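Numbering (the numbering used here), first residue to last: 13 to 376. Every residue, glycine too, gets a C-beta built ideally from N, C-alpha and C. Small disclaimer: the values here were computed from a predicted structure and weren't measured. Contents: one structure, followed by commentary.
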Amino acid sequence: MQRIVLHVDLDSFYAQVEMVRQPELQDKPVVVGMFSRDEYSGAVATANYKARELGIRSALPLRTAHERATEDTVFLPADKTYYNEVSDRVMAIIAEYGDAFESISVDEAYIEVTERCEGNFQKAQLLAQRMKQDIWQAEALTCSVGIGSNKLVAKMASDADKPDGLTVVRPEEAQAFLAPLSVEELYSVGPKTATVLREHNMETIGDIAAAEPQRLVHVFGQNRAQELQQFAQAIDERVVAQQDKKQLSRITTLAEDTRDVATICSVIERLAADVCERLVAHGVQGKTITFIAMSTERDAYTRSQTIAQPCADTTTVAQTCSDLAETFLAEHDAVLRRIGVRVSHFVSSGAGQSAQTSLSSFAS
Ligand code: DCP
Ligand code: MG
């Protein structure tokens with residue numbers, strides 16, 4: 013049967029949630045920031061589409077954002093606890109539409125719909141429309157959906173039309189869909205790889221797809237060369253992982269490939285804070301803490317430790333996970349590209365609240 017995967021990405025997520033919460037923001041440029049000292053220091057988390065027209069986007073220093081802002085631009089501090097709650101509800105809706113569901117971040121998820129849609133793209137398109145309507149009716153939020161024959165194509169299709177888009181790329185169209193896009197738009201290609209590709213006269217994804225394999229192997233090594241070329245040719249066999257609902261995790265791509273302990277531990281701290289915030293929101297504590305590492309060679313590793321007392325506090329989770337990371341780095345010479353923190357093996361922390369009830373609503 014023809015495989016069909018859907019990728020969902022909510023539009024300007026934090027900003028959109030704020031606009032639903034405060035309808036008077038609807039017609040204004042809205043910037044949600046990670047404030048450090050005040051609203052002038054820190055970085056932009058996201059901006060709504062009106063603010064993007066002013067040149068304000070994620071990761072821009074807030075000071076620069078203020079320089080570009082008009083008088084009616086509204087700056088808000090990120091309220092991550094609230095966004096996580098909304099995310100959990102939206103993810104629960106999305107999960108209902110898939111044979112398998114995998115959330116990737118607070119506003120992104122994949123579902124596998126092969127069986128449910130009997131390999132029929134027309135059915136998948138109707139299913140996506142119903143899902144978008146459901147999310148709109150429940151939360152007044154728009155999202156962009158991509159439908160393709162694998163994760164890679166689905167993800168790139170959802171990026172193709174934003175906001176509120178629905179893009180279907182059939183298997184026979186996939187290569188032609190990818191070919192004209194520039195190399196950095198290919199999944200897994202960051203600024204460094206893009207520079208190297210350009211140095212070798214590859215400007216578009218089509219150039220990678222058509223490259224002489226030996227040329228790529230010479231530059232990137234066997235594994236990475238093969239992966240790059242397969243992605244460029246719209247080949248991707250990664251499965252949509254059915255998530256264990258009794259765990260919570262956050263995974264992120266590092267700003268640069270590294271095996272520097274201090275850098276990795278500071279990212280772990282941030283991920284641990286995120287996970288713990290969600291544990292608290294769900295009224296659960298976890299006994300097993302896992303460090304997840306993905307190397308530049310695409311190998312995945314996990315290291316876990318079960319602690320004596322279940323917890324949901326950032327310090328314990330971050331410290332345990334940092335120790336696991338340090339031991340891992342001492343034993344392996346892997347350079348890391350992505351890392352994650354997972355807490356599992358839950359027990360209820362709320363008085364009178366059963367672990368089972370609080371877990372039944374888990375989306376990720
Ligand atoms: N985010 C952040 N800092 C970044 C990037 C993102 O805090 N550098 C947060 C805010 C976003 C959310 O993650 O709302 C989701 O990220 P996306 O990349 O999906 O961006 P948006 O949903 O904001 O916009 P888009 O409409 O492009 O998906
Ligand atoms: Mg988004």
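ask   = What distance in whole Å lies between the Cβ atoms of LEU18 and ILE105, which are believed to be in contact at a cut-off of 8 Å?
value = Actually they are not in contact, since the Cβ atoms of ILE105 and LEU18 sit about 13 Å apart, beyond 8 Å.
query = How do the segment 69–87 and the segment 124–131 stand: do at least 3 beta-carbon pairs fall below 8 Å, yes or no?
reply = no
message = If distances are taken between C-alpha atoms only, which option among LEU260, ALA90, MET214 and ASP21 comes closest to SER379?
response = Here the chain covers residues 13 to 376 and nothing more, so residue 379 does not appear.
request  = Report all residues for which the CB-ligand distance to some heavy atom of ligand 2 is below 7 Å; order them along the chain.
outcome  = ASP21, LEU22, ASP23, SER24, PHE25, ASP119 and GLU120
message = Please classify MET143 as buried or exposed, where buried requires at least 16 other C-beta atoms within 10 Å of its C-beta.
response = That one is buried.
request  = Could you name the residues of the same chain whose beta carbon sits closer than 7 Å to that of ASN96, not counting the 5 residues immediately before and after it, in chain order?
outcome  = VAL118, GLU289, ARG290 and ALA293
task = Could you tell me whether the Cβ atoms of ALA305 and VAL353 are closer together than 8 Å?
result = no
query = What does a CB cutoff of less than 8 Å around GLU197 pick up in its chain, not counting 5 residues either side in sequence?
reply = If we look at GLU197 and ignore the five residues flanking it on each side, its Cβ neighbours are MET168, ASP171 and ILE217.
ask   = Going along the chain, which residues of its own chain have a beta-carbon closer than 6 Å to the beta-carbon of THR314, five neighbours each way excluded?
value = THR302 and ILE304
query = Smallest Cα separation from ILE280: which of THR179, THR332 and GLY67?
reply = THR332
ask   = Is SER194 closer than 8 Å to GLU211 when the C-beta atoms are compared?
value = no
Buried or exposed (CB count within 10 angstroms, at least 16 for buried), GLY110 = When all chains shown are included, GLY110 counts as buried.
inquiry  = So for ARG310, helix, strand or coil by DSSP?
reply    = coil
request  = For GLN365, count neighbouring Cβ atoms within 10 angstroms of its own Cβ and tell me buried if that reaches 16, exposed if not.
outcome  = Because GLN365 sits at a pLDDT of 38, beneath the cut-off of 50, its placement in the model cannot be relied upon, and the following sentence gives the value as read from the coordinates. GLN365 should be labelled exposed.
ask   = Can the beta-carbon of PHE276 be found closer than 8 Å to that of ALA188?
value = Going by the sequence as given, residue 276 is Ile instead of Phe. No, the pair does not count as a contact, with Cβ atoms beyond the cut-off.
ask   = Rounded to a whole number of angstroms, what is the C-alpha to C-alpha distance between ILE233 and LEU240?
value = Inspection of the sequence shows that residue 233 is occupied by Gly rather than by Ile. Rounded to the nearest whole angstrom, the C-alpha separation of GLY233 and LEU240 is 11 Å.
inquiry  = What does the alpha-carbon distance come out to for the pair VAL251 and LYS163?
reply    = 8 Å
request  = Give the range of the beta strand (DSSP E) segment to which VAL43 is assigned.
outcome  = VAL43 -> beta strand (DSSP E) spans 42–47.
request  = Can you give me the start and stop residues for the alpha helix (DSSP H) that VAL273 sits inside?
outcome  = 273–294
ask   = In this structure, what does DSSP give as the bridge partners for ILE263?
value = Partner(s): GLY352.
ask   = Would DSSP call GLY218 helix, strand or coil?
value = Helix at GLY218.
request  = Using 7 Å as the cut-off, classify the Cβ of PRO225 as near or not near the heavy atoms of ligand 1, replying yes or no.
outcome  = no
inquiry  = Measuring only the C-alpha atoms, how far is ALA367 from ASP146?
reply    = In this prediction, ALA367 has a pLDDT of 37, which is less than 50 and means its spatial position is unreliable; what the coordinates show is noted afterwards. Each residue's alpha carbon lies about 28 Å from the other.
message = Using a Cβ-Cβ cutoff of less than 7 Å, which residues in the same chain neighbour ARG349 once the five nearest sequence positions on both sides are dropped?
response = THR265, LEU266, ASP269, MET306, SER307 and THR308, listed in sequence order.
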